[in-house]
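Student: So that you can map any letter, position 15 of the sequence shown is 21 in this note's numbering, and since no number is skipped, the others follow by simple counting.
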Amino acid sequence: MTLYQPFLDYAISYLTSCLELQPYPIPEGFERKSAIIGKGKNQQEVVTTSYAFWAPKLRQIRAAHVQGGNSLQVLNFVIFPELNYDLPFFGADLVTLPGGHLIALDMQPLFRDDQAYQAKYTEPILPIFHTYQQHLPWGGDFPEEARPFFSPAFLWTRPKETSAVETHVFEAFKDYLKAYLDFVARAEAITNPKALAEIKQKQLQYLRYRSEKDPARGMFQRFYGQEWTEEYIHGFLFDLERKLELSAISSH
Ligand code: DBV
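1. Going by the C-beta, is residue 97 closer than 7 Å to any heavy atom of the ligand DBV?
2. Using a Cβ-based criterion (distance less than 7 Å to any ligand heavy atom), does residue 266 qualify as near the ligand DBV?
3. By the three-class DSSP mapping on this structure, what secondary structure does residue 197 have?
4. Express the C-alpha separation of residue 228 and residue 174 in angstroms, rounding to a whole number.
5. Can you tell me whether residue 15 sits near the ligand DBV, meaning its C-beta is under 7 Å from at least one heavy atom of the ligand?
6. Assess contact between the region 241 to 252 and the region 207 to 227, defined as three or more Cβ pairs (one per stretch) separated by less than 8 Å. Is contact present?
7. Any idea what DSSP makes of residue 227, helix, strand or coil?
8. Below 8 Å, can you find three or more Cβ-Cβ pairs linking the region 70 to 78 to the region 128 to 141?
9. I'd like the span of the alpha helix (DSSP H) that includes residue 117, first residue to last.
10. Inspect the beta-carbon positions of residue 190 and residue 116 and report whether they are closer than 8 Å.
11. Taking the beta strand (DSSP E) that residue 42 belongs to, which residues open and close that run?
12. Does the region 191 to 209 come close enough to the region 143 to 152 that 3 or more CB-CB pairs lie under 8 Å?
13. Tell me the rounded alpha-carbon separation between residue 125 and residue 51.
14. In terms of alpha-carbon separation, which member of 236, 89, 207 and 231 lies closest to residue 220?
15. Go through its chain and collect everything with a Cβ distance to residue 41's Cβ below 8 Å, but skip five positions before and after it.
16. Are residue 3 and residue 33 touching if we call contact CB-CB under 8 Å?
17. List, from N- to C-terminal side, the alpha helix (DSSP H) runs of 4 residues or more that fit wholly inside the region 69 to 106.
18. Residues in its own chain within less than 7 Å of residue 83 by CB, not counting five upstream and five downstream?
19. Apart from the five residues just before and just after residue 261, which ones in its own chain have a Cβ nearer than 6 Å to its Cβ?
In structure tokens, the structure reads:
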């Protein structure tokens with residue numbers, strides 16, 4: 007059992023219990039990828055496995071799980087809503103590297119500075135955020151340009167102890183996911199054309215930022231090469247632009 011496997015298992019079984027989960031296609035060759043890294047005695051297999059689903063209101067629910075021994079464990083888990091809902095993204099970046107643990111957990115807002123949006127999608131999360139922040143203090147250094155993509159309930163922390171990941175971070179992950187599914191249950195389809203255009207624009211802005219700045223790009227390139235990495239990022243992890251291109255073609 008590896009550090010983030012229980013997070014992944016919990017998420018899939020919880021989502022299965024409250025959503026009509028459907029399989030989402032994973033491009034061939036990306037369900038599982040493995041490489042041997044290091045030399046001599048330090049050789050280590052690094053395996054990346056991918057999971058993807060969709061459900062009503064949720065365009066893509068996907069996870070990338072990287073397992074390469076005790077000091078290389080990553081679970082990146084994101085939920086992308088359909089473009090006719092104003093729902094935030096559920097974003098979890100759970101990272102363990104030789105330098106330590108790095109945890110990012112948030113409901114990433116479409117409209118960061120809109121008061122009504124904050125009241126709807128951030129304020130209800132603040133009590134959960136404050137509960138965990140006592141045990142999981144602010145993680146410091148953080149790219150300034152990423153700030154617009156996170157809510158005031160952004161849990162960003164670098165726990166010293168693995169036990170803090172197994173307890174506080176795991177509990178926070180469960181509470182954020184539950185709260186997210188409450189939002190999903192209550193969300194109503196948007197029909198106003200101006201609002202729909204704004205959502206699409208914000209979704210694309212988020213997608214482009216994440217695919218351009220993916221902090222895992224260097225790691226994946228080292229393990230699996232540049233070609234595989236770019237296709238994984240644009241064809242699976244952050245695939246909205248590709249999907250929009252496809253639907254534009256098929257509607258002609
Ligand atoms: N991050 C991803 C994906 C990953 C992944 C798809 C599948 O978006 C892993 C793997 N994140 C990952 C790794 C690192 C980070 C770091 C391997 C460590 C990189 C390194 O140190 O070499 C939140 N993740 C980070 C950092 C942040 C996040 C802020 C530190 C980056 C830095 O200091 O430059 N989640 C991440 C992020 C957004 C998000 C930037 C932006 C919207 O949602």
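Heads up, the beta-carbon is just placed ideally off N, CA and C, and yes, glycines get one too.
Tutor: Checking against the coordinates, here is how it stands:
1. Indexing the sequence shown from 1 puts residue 97 at position 91. Yes, since a heavy atom of the ligand DBV falls inside the 7 Å radius drawn around the Cβ of residue 97.
2. Since the first and last residues shown for the chain are 7 and 258, residue 266 lies out of range.
3. As a first step, residue 197 must be located in the sequence shown, where it is residue number 191. Residue state, collapsed to three classes: coil.
4. Here residue 174 is taken as the residue at index 168 of the sequence shown, counted from 1. Here residue 228 is taken as the residue at index 222 of the sequence shown, counted from 1. C-alpha separation (whole angstroms): 32 Å.
5. Position 9 of the sequence shown, counting from 1, holds the residue named residue 15. Short note on residue 15: C-beta not closer than 7 Å to any heavy atom of the ligand DBV.
6. With a cut-off of 8 Å, the region 207 to 227 and the region 241 to 252 count as touching, because enough Cβ pairs lie within range.
7. As a first step, residue 227 is located in the sequence shown; it is residue number 221 there, counting from the start. Judged by DSSP in its simplified three-state form, residue 227 adopts helix.
8. With a cut-off of 8 Å, the region 128 to 141 and the region 70 to 78 do not count as touching, because too few Cβ pairs lie within range.
9. Looking up residue 117 in the sequence shown gives position 111. Here residue 117 belongs to no alpha helix (DSSP H), and DSSP marks it neither H nor E.
10. For the purposes of this step, residue 190 is identified with residue 184 of the sequence shown, where counting begins at 1. For the purposes of this step, residue 116 is identified with residue 110 of the sequence shown, where counting begins at 1. No; because the gap between Cβ atoms is not below 8 Å, this pair is not in contact.
11. Counting from 1 along the sequence shown, the entry for residue 42 is found at position 36. From DSSP, the beta strand (DSSP E) with residue 42 extends over 38 to 43.
12. Between the region 143 to 152 and the region 191 to 209 there are fewer than three C-beta pairs closer than 8 Å, too few to call the two in contact.
13. In the sequence shown, the residue the question calls residue 125 occupies position 119. In the sequence shown, the residue the question calls residue 51 occupies position 45. One C-alpha to the other measures close to 46 Å.
14. The residue labelled residue 220 in the question sits at position 214 within the sequence shown. The residue with the shortest Cα to Cα distance from residue 220 is 236.
15. In the sequence shown, counting from the first residue as 1, residue 41 sits at position 35. Once the five neighbours on either side are set aside, the close Cβ partners of residue 41 are 51, 52, 229 and 230.
16. Absent from the model: residue 3. The displayed extent of the chain is 7 to 258, so no value can be given.
17. Runs found: none.
18. As a position in the sequence shown, residue 83 is number 77, starting the count at 1. Counting only Cβ-Cβ distances below 7 Å, and skipping sequence neighbours, we find 17, 69 and 98.
19. Given a span of 7 to 258 for the chain in the structure shown, any question on residue 261 remains unanswerable.
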